[in-house]
Each structure stands twice: as C-alpha cells, then as structure tokens.
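Residue numbers (my numbering): 861 to 1180.
All C-beta atoms, glycine included, are put in the ideal place defined by N, C-alpha and C.
Working notes, beginning with the structure itself.
Below, the structure is given as structure tokens:
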C-alpha cells in the first residue's frame, strides 16, 4: 500500500509586536461609556459573569487556546464586554484584559495583510485588504482565540463594528467648486456615461471618458461638489492605533439598545461606497444624546470611531 502525503506550507500573516509602552490600552474606550471608570468597569465585569458566553472564532474548539491557557468570555448582547482570562489546570488563574465590543451583521471579504499585536495583553490591530483593494485597520475582538488560525493570502469574511467618540450630522455647507476645464470635462463625462449605462460603471470607463464629447460647443459650467454628501474613511497614523479612525457616511439603519443602563443608538452606516465594489457598512454604537436623536436614516454623518473586527468560522461560507 502506498501512502501519499501532500505538504502545504501554511504561513501566518506578517506580525508586528508591540511592547506594553507602545500599547495604548482601553481607558479612552471605557470613557466613551463612563466618567467613573474605576467604579463602573469592575462592576460591569462582575455583572457579566452571570450572563457569560464563550464565543467561537475560527476553530470549533477556539473558545480556549494553547492547551486551555486562555479563556475569552463574552455575552450575547448587541453591545457587551469581552474579557480575557489566563487559565491553569482548566480554571481561571488571572485577569488579562477587557474591552467593550459591538456586534455587527455587516462585513466584507478581506485578507489579513499584517497583525499589530501585544502578546501580553492580547490586544491586536489587523491591517486588512478588501476585495476591491481598500485598506482597513480594525481592532480584533477575537484575537485571543483566533491568533493561531490566521493564514496569509486567505480570504476571510470580516464583521465590522465601532464605538463612536463623536457622532453628528455632516456639515452640508462644505462644498468645493471645480473650475478646472479638464476636471469639469471628466466629471461631466463620467456622469453621462454611467447614467447611459443604467448606473453601472463600464469596464472601459477611462477610454469612454477620453472619447466623450459634450452635446454643445458651449463652455462646460463649473461643477459644485457637496462634501457633506460623500462617504470617506481615514484610519489613524500612529502604530498600533490605526483602529482609531475618522469617517463620514450615510446612515442606512438605526435602532436602540441598552448597555448596563446606558442608552445607546446603533447606526448602520456606509463609510465607503465605490463603483463596482461592495459598500463598506459598519454598525456604530453611540451614546444616545439630543444630537444622535436628531439623526435619521438617509442622513449623512461625521464621526470619530474605534473600529472593530470579528472573524467567525460560521460566517466564512454563508456570507460570501
């Protein structure tokens, strides 16, 4: 009998290791929810034990990792806490980390290009590349149980959510006037071609723009672009804090929830919307205020957010 083995050289993504001094921690994230962090957070951690659940990541047995050396606890609420504990002999030994999380049904298929991590706190920021080439940085909610399962050049369906530091309507008076003749021509041509193609961008759009001619010989009028009605995402520029982002987008869904007696509003928001690409939608949790109550579905918003990612095995086939 001949036995054939097939060897696969599976490599993890590139990893950048941060020291404790380089890691920002979660104080600013807890301050989104409370001004009395030293009292409220320990109480919340105590309260969550009664409703604790063990999330599943990429492995059916990933609730614990490294021969039961770590345990990740969570709850099934829309906004909740993830708590990481060190294990010994199958029992909790010590507290490692805790951070507030938001669940989201929205996501994109991405590859993990790089992991920026602190191995003592089990904090990590993922550098992700979507199918259309967009670069996204997000805090990994499930790094403690997923970190040994990530692979290079592998597409994952990634769920995206966020906490909002600030969340308000975009400034509708922010406009720019395009007066350069070449830029005006490009804008007019692009709109005409897409409109004639039932709203879809043809594969030879650049060639069609080059061949496009206006209906008359009259000079093309300047183009006014409303910056308040556009989608944009800018990640942070500090190593290990790229998940602290600014965004502008359109609200497509809104609902209420409660986190430990704190009223929150969940805004499903498109923050990137490019032709021929799946929209980048994030569920953003904001503390309910008079300002957030005035925001309705279809409104455009601006926000400073802490962007989060979660990768689950059960989503890798049904969400493609």
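query                                                                                                                              : result
For residue 1104 and residue 1148, the rounded distance between their alpha carbons                                                : 21 Å
Euclidean distance between Cα positions of residue 933 and residue 904                                                             : 13 Å
Chain-order list of residues whose beta-carbon lies under 8 Å from that of residue 1044 (same chain, five-residue window excluded) : 1038, 1080, 1081, 1082, 1083
Collapsed DSSP secondary structure at residue 969 in the structure displayed                                                       : strand
contact_flag[the segment 1128-1135, the segment 1098-1115] where n(CB pairs < 8 Å) is 3 or more                                    : yes
6 Å CB neighbourhood of residue 925 in its chain, flanking five on each side removed                                               : Low confidence applies here, because residue 925 scores a pLDDT of 48, under 50, leaving its location unreliable and the question unanswered by this model.
Residues of its chain near residue 1091, where Cβ-Cβ distance is below 7 Å and the 5 sequence neighbours each way are ignored      : 1108, 1109, 1110, 1130, 1131, 1132, 1133
Short Cβ contact (9 Å threshold) for residue 1011 with residue 871                                                                 : yes
Euclidean distance between Cα positions of residue 927 and residue 979                                                             : Any reading at residue 927 is ruled out, since the residue's pLDDT is 45, under 50, leaving its predicted position unreliable.
Close beta carbons around residue 958, own chain, < 8 Å, minus the five adjacent residues each side                                : 886, 901, 905, 941, 942, 943, 944
Nearest candidate by alpha-carbon position, reference residue 1181, set 1028, 1040, 1015                                           : Outside the displayed span of the chain (861 to 1180) sits residue 1181, for which this structure offers no information.
Among 1085, 1021, 1019, the one whose alpha carbon lies nearest that of residue 1051                                               : 1085
For residue 1143 and residue 990, believed in contact at Cβ under 8 Å, the rounded distance                                        : Contact flag wrong, Cβ pair sits at about 17 Å.
Residue 1176 beta carbon less than 9 Å from that of residue 966                                                                    : no
Contact check, residue 1164 vs residue 1025, beta carbons under 9 Å                                                                : yes
Presumed contact (8 Å Cβ cut-off) between residue 1170 and residue 916, rounded CB distance                                        : With 8 Å as the limit, residue 1170 and residue 916 do not qualify as a contact, their Cβ atoms being about 11 Å apart.
Boundaries (first-last residue) of the beta strand (DSSP E) holding residue 944                                                    : 939-948
Residue nearest to residue 950 in terms of C-alpha spacing, selected from 936, 964, 968, 931                                       : 931
Inter-residue CB distance, residue 1146 and residue 1124 (contact presumed, cutoff 8 Å)                                            : 7 Å
Residue from 1098, 1001, 1136, 1140 with nearest C-alpha to residue 939                                                            : 1001
Residue 1019 to residue 1076 span [Cα, whole Å]                                                                                    : 49 Å
Separation of residue 1152 from residue 899, as counted between CA atoms                                                           : 27 Å
Spatially closest choice to residue 968 from 888, 996, 1032, 1055, by CA coordinates                                               : 996
Alpha-carbon to alpha-carbon, residue 1061 and residue 879                                                                         : 46 Å
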